[in-house]
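Line by line, the protein sequences give chains A and B.
Take 1 as the starting number for the first sequence in UniProt numbering and just add one per residue.
Take 1 as the starting number for the second sequence in UniProt numbering and just add one per residue.
Here a beta-carbon is modelled for each residue, glycine too, at the ideal position from N, C-alpha and C.
Read the structure below first, then the notes.
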Amino acid sequence: MITTTTEEIFQLKKQIEELKTENAQLKKTNAEVQNEKALPLSISEYSRYGRQMICDVTNGVKGQLKLKNSKVLFIGAGGLACPALAYLAGAGVGTIGIVDDDVVENSNLHRQILHSSAKVGMLKCESAREFLTSLNPHIKIVTHPVRLSNDNAFEIFAKYDIILDCTDTPITRYLVSDVAVNLGKMVVSASGVQTEGQLCILNFKNIGPCYRCFYPTPPPPHAVSSCSAGGVIGPCIGLVGVMMAIETMKIILDVYTIENFKPFLLQYNGFPEQSLRNFKMRGRQAKCQSCGDTKTIDRTAIESGKINYFAFCGSKNYNVVSPEERMTVHEFETKYWNNNKKPRDSYVLLDVRPTHHYEISHLANTHNIALKDLQNLKGDMTKLQSKIKSISETSEVVVMCRHGNESRTATRLLKDEFGVANTKDVIGGFFKYVDEINPQLPKY
Amino acid sequence: MSVALTVEFLGGLDAIFQNQRKHKVTLDEASGKEALKLRDLITYITNNMIENENDIPVFIQDGTVRPGILTLVNDTDWELCDEEEYVLENGDVISFTSTLHGG
């Protein structure tokens, strides 16, 4: 007996239609899920990297995958590294390692843009990790809070493809290059001070020159200047860091090939006009001790300490005064300075920092002759008196500089060349005085 | 015969050349002598362009350009063009740049 009403048939038909629609929708969603699983990048990565993928130099998804699969190690997380880190993390370099055991200081912040005031005292590599992780959650950041050395360099480098040398002394630069050559890694090496910067690619695919090919003999220690001693303009060093990121991308994207790569050195200068020069450089040197035909610098020689980078590069010798010729900042404060313990006109307080340093901050009523100018007087007392009227061979002179190094050279000079026997050096210099006696004075 | 050159001191080396990066230099050839070489320019710079003799070791060590200074002939590493033996030509740009180490 047929009991179904027209109304019921209508309802069932409607239900069938609804189920059909739902089924189609589910099929579609399922296909999309399957499709996304098959995609080499997540939907979010497509939109994140879209603007660079549509530049034909990246070769689209293919290039993006090269970036994603690359492993880049930064030595240093300072002025060069900060912008390079930000751009390479932003570009989607899949694994980024950072070697740095320094902590963030206030004096870093004008150029080291991944760090911030709130991060002063924090490890630079951890501060950088925080910034980069929040910039791009799709990449892996590995921190190595150690100082790079003969002992740890091989183990750290082994996990990466490209090394970015963002360090600040020739000692580390030779180490980075030697280890990279031995492990067959490429190095993007840059440096800068004041308004200038330099950049080159080393050991390109094991055929290009290394650091020792360019610089077989290290510079004399007196010719080496760091950012903290020589000063640095933030955007100038930053621009060189940005250029490091560009060169690294070009290596990863295979823009450079064994056929087209020509050794070069980029030289940037920011002031007074900006300029970028591209110098054509020598290739790999057959006689190079690191990468040449009869190389001697192998893993064993480095790890055993036979290659001693400190001895190779040398260091400035400030050790030219005896303990009796020096006083601590506390002695200076209690016996001389505080409440005019010793009348100000009974001795000469000479600050030998460069004038532009002295002008930033100094003790009141002191004399300023930069060490270099003092050296130029060649021990001529008359010339010295034209600068400091009250000085003579019988004067008592107290010498100060920034950190207590150049003041030792100046003390030696005053005693031996000018004949001022009663000359004393203040240990640790003006900065030590600020740290231990009067933190109200500006330090720079 | 003489050659007119542009000589540049980069990477902070200008500090010993009156803080001036670019200099015009004309070298005169001694009569009967062979062509002027880069070696002659280095000697000329050492003897005539460094005002303060204390600064000479900043530029010269063991009779040649000190380690850590790259010498370029028309933007090319001198190692690729005979180093000190390079024969100077009118209009050449010779650059000396100190290696930088800060980072």
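For this session: Would you identify the three-state DSSP class for valine 73 of chain B, choosing helix, strand or coil?
Result: Correct three-state label for valine 73 of chain B: strand.
- request: Could you tell me which chain B residues have their CB closer than 7 angstroms to the CB of threonine 257 of chain A, listed as they occur along the chain?
  value: Simply none; closest approach about 21 angstroms.
- Query: Using the C-alpha atoms, what's the distance from asparagine 278 of chain A back to glycine 208 of chain A?
  - Reply: Across the structure, glycine 208 of chain A and asparagine 278 of chain A are spaced so that their CA atoms are roughly 17 angstroms apart.
Taking 8 angstroms as the CB-CB limit, is aspartate 77 of chain B close to chain A? At least one chain A Cβ lies under 8 angstroms of aspartate 77 of chain B.
Requested in this report: Using a Cβ cut-off of 9 angstroms, pull out every chain B residue sitting near phenylalanine 279 of chain A, in sequence order please.
Outcome: Here the neighbours are Leu70, Leu72, Asp75, Thr76, Asp77, Ser95, Thr97.
Query raised in the report: Which chain B residues are close to aspartate 168 of chain A, counting only those with a beta carbon under 9 angstroms from its beta carbon?
Result: Within chain B, the residues near aspartate 168 of chain A are His101, Gly102, Gly103.
Discussion item. Is asparagine 376 of chain A close to chain B? Criterion is C-beta to C-beta, closer than 8 angstroms.
Written reply: It does; some Cβ of chain B falls within 8 angstroms.
Exercise. Skipping 5 residues on each side, what residues in its chain have a beta carbon closer than 7 angstroms to that of proline 219 of chain A?
Worked result: Correct list, in chain order: Pro170.
When the Cα atoms are used, what is the spatial distance from glutamate 303 of chain A to glycine 292 of chain A?
-> Cα to Cα, the separation comes out at about 20 angstroms.
Could you tell me whether the Cβ of valine 58 of chain B comes closer than 8 angstroms to any Cβ of chain A?
-> Interface annotation, valine 58 of chain B: in contact with chain A, CB-CB separation under 8 angstroms.
**Report entry** Cβ separation of leucine 413 of chain A and glutamine 375 of chain A, assumed to be a contact under 8 angstroms, to the nearest whole Å
**Finding:** At roughly 7 angstroms, the Cβ-Cβ gap stays under 8 angstroms, so leucine 413 of chain A and glutamine 375 of chain A are in contact.
So, is methionine 244 of chain A buried or exposed, given that buried needs 16 or more other C-beta atoms within 10 angstroms? Flag for methionine 244 of chain A reads buried.
Practice task
Residues of the stretch 242-272 of chain A with a CB closer than 9 angstroms to any CB of chain B: list them in chain order, please.
Solution key: Listed by position along the chain: Pro263, Leu265, Gln267, Asn269.
Kindly indicate if chain A contains any beta-carbon less than 8 angstroms away from that of phenylalanine 80 of chain B. Looking at the sequence shown, residue 80 of chain B is not phenylalanine but leucine. Interface with chain A (8 angstroms Cβ-Cβ cutoff): leucine 80 of chain B is included.
Note to self: With a threshold of 8 angstroms between beta carbons, is serine 44 of chain A in contact with chain B?
What the structure shows: Judged by the 8 angstroms Cβ criterion, serine 44 of chain A is not in contact with chain B.
### Query
Which residues in the same chain have their Cβ closer than 7 angstroms to the Cβ of tyrosine 358 of chain A, if we skip the five residues on either side of it in sequence?
Taken in chain order, the residues that qualify are Asp351, Asn368.
Quiz prompt | Stretch-stretch touch, CB-based, cutoff 8 angstroms, three pairs: the stretch 133-144 of chain A with the stretch 74-83 of chain B | solution = Output reads no: the stretch 74-83 of chain B does not touch the stretch 133-144 of chain A.
Kindly list the residues whose CB is nearer than 8 angstroms to the CB of glutamate 54 of chain A, restricted to its own chain and excluding five residues on each side of it in sequence; keep chain order. Position check: residue 54 of chain A holds isoleucine in this sequence, whereas glutamate was assumed. Gly60.
With a threshold of 8 angstroms, are at least 3 pairs of Cβ atoms found where one atom belongs to the stretch 121-140 of chain A and the other to the stretch 172-181 of chain A? At 8 angstroms Cβ cutoff, the stretches do not touch.
- Task: Check whether the Cβ of glycine 197 of chain A lies closer than 8 angstroms to any Cβ atom in chain B.
- Result: Yes, glycine 197 of chain A counts as interfacial toward chain B.
Margin query: For residue 523 of chain A, list the residues DSSP reports as bridge partners.
Written below: Outside the displayed range of chain A (1 to 444) lies residue 523 of chain A, so it cannot be described from this structure.
Bridge-paired residues (DSSP) for glycine 192 of chain A: Residue pairing by DSSP puts glycine 192 of chain A in a beta bridge opposite A:Gly197.
- Message: serine 95 of chain B and glycine 68 of chain B - do their beta-carbons sit closer together than 8 angstroms?
- Response: For glycine 68 of chain B and serine 95 of chain B, no; Cβs fall outside 8 angstroms.
Any chain B beta carbon closer than 8 angstroms to proline 218 of chain A:
So, interface residue.
Cβ-based neighbour list, threonine 366 of chain A, same chain, cut-off 6 angstroms, excluding 5 preceding and 5 following | Only Leu349, Asp351 meet the Cβ criterion.
Q.
Using the three-state DSSP reduction, which class does aspartate 351 of chain A fall into: helix, strand or coil?
A. In this structure, aspartate 351 of chain A counts as strand in the three-state DSSP scheme.
Minimum length 3: unbroken beta strand (DSSP E) runs contained in the UniProt domain "Rhodanese" (343-442) of chain A: For the UniProt domain "Rhodanese" (343-442) of chain A, whole beta strand (DSSP E) runs of length 3 or above, ordered along the chain, are 348-351, 397-400, 423-426.
* glycine 305 of chain A to isoleucine 297 of chain A, Cα distance in whole Å? -> Roughly 11 angstroms separates the two Cα atoms.
Residues of its chain near phenylalanine 154 of chain A, where Cβ-Cβ distance is below 8 angstroms and the 5 sequence neighbours each way are ignored: Annotation for phenylalanine 154 of chain A: Val179, Asn182, Leu183, Arg299, Ile302, Glu303 place their beta carbon closer than 8 angstroms to its own, counting only its chain and skipping 5 residues before and after.
What in chain A is Cβ-close to arginine 66 of chain B, meaning under 8 angstroms? Under the 8 angstroms cutoff, chain A gives Pro219, Pro220, Ala223.
task: Could you tell me whether the Cβ of serine 10 of chain B comes closer than 8 angstroms to any Cβ of chain A?
output: The question names serine, but residue 10 of chain B in the sequence shown is leucine. Under the 8 angstroms criterion on CB atoms, leucine 10 of chain B is classed as interfacial with respect to chain A.
Enclosing alpha helix (DSSP H) for lysine 68 of chain A [first to last residue] = From DSSP, the alpha helix (DSSP H) with lysine 68 of chain A extends over 60-69.
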